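Enquirer:
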Amino acid sequence: MEAGVLALQGGFREHVTILRRLGANCREVKLPNDFDGLDCLVVPGGESTTIGKLAVEYGLIEPIVDFAGQNRPVWGTCAGAIFLSKLRGFNQPVLRLIDIEIKRNAFGRQVDSFEAEVMTTLPRTSGTWSSSGGGDTGVFPGVFIRAPRVVEAGPSVDVLGRLSTGEIVAARQKNLLVTVFHPELTDDHRFHEYFLGMMPD
Ligand code: GLN
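Residue numbering for the sequence shown follows numbering that gives the first Met the number 0, starting at 0 and increasing by one per position.
1) Measure the beta-carbon distance from residue 40 to residue 5 and round it to whole angstroms, keeping in mind my assumption that it falls under 8 Å.
2) Measuring only the C-alpha atoms, how far is residue 179 from residue 78?
3) Suppose only complete runs of 3+ residues qualify. What are the beta strand (DSSP E) ranges in the region 16-104, listed by chain order?
4) Measure the CB-CB distance between residue 138 and residue 158 and report whether it falls below 8 Å.
5) Measure the alpha-carbon distance for residue 18 versus residue 111 and round it to whole angstroms.
6) Tell me the rounded alpha-carbon separation between residue 198 and residue 38.
7) Would you list the residues sitting across from residue 112 in a DSSP beta bridge?
8) Confirm, please, whether the CB-CB distance from residue 101 to residue 142 is below 8 Å.
9) Indicate, with yes or no, if the ligand GLN has a heavy atom lying under 7 Å from the CB of residue 103.
10) Check residue 195 in the structure and name its three-state DSSP category.
11) If you measure from the CB of residue 77, is any heavy atom of the ligand GLN nearer than 7 Å?
12) Flag this pair as yes or no: are the beta carbons of residue 80 and residue 156 separated by less than 8 Å?
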């Protein structure tokens, strides 16, 4: 099993470190060739405009769309979530793979970055949790950095996490996962474990 992290810009190293710590082989993905033999892909946080432009420049749009079309797990965190969703109000390359409408930098007047509890309904996957939690539901430490906001989620999208306000901050549609916060910046690895568990057997 080989995991990949899109390594064009942003916080890819933290994802690589955690995925390796969880026992996955993990490579940085920068070029179309890097998809050979790959089983799942993380699109990290960072700056979605830059990630989108570089993905176009490096010829990665088609490989990523094909990869997701082959039912392989793809997870976008923050800017990565923007890249996988339908972006409102900005003209930049996004993939529109998941049926979520999203707005950039849209937590109103809230400070740019904040931490908040995310109520998760992460189902237990195979294996055991290596970190806190252990139940089928729980609280996850959400780190939000100029986070985007989910403004609409289609009927085939499953909600995996909400703020206490009810706001959707983690969701899945089939093989696609998005979190608008940064699980890679905490030592709670449940989302990474869950993502690795999305691999078809
Ligand atoms: N604000 C960034 C964007 O719009 C996302 C921030 C992040 O990934 N932490 O692309």
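Backbone N, C-alpha and C fix where the C-beta goes; we use that ideal spot for every residue, glycine too. Everything numeric in this text was worked out from a predicted model, so none of it was measured.
Expert: Looking at the coordinates:
1) 6 Å
2) 8 Å
3) 24-28, 39-42, 73-76 and 99-102
4) Contact flag unset, no.
5) 27 Å
6) 7 Å
7) 144
8) no
9) yes
10) Looking at residue 195 - three-state DSSP - the assignment turns out to be helix.
11) Result yes, Cβ under 7 Å from the ligand GLN.
12) No, the pair does not count as a contact, with Cβ atoms beyond the cut-off.
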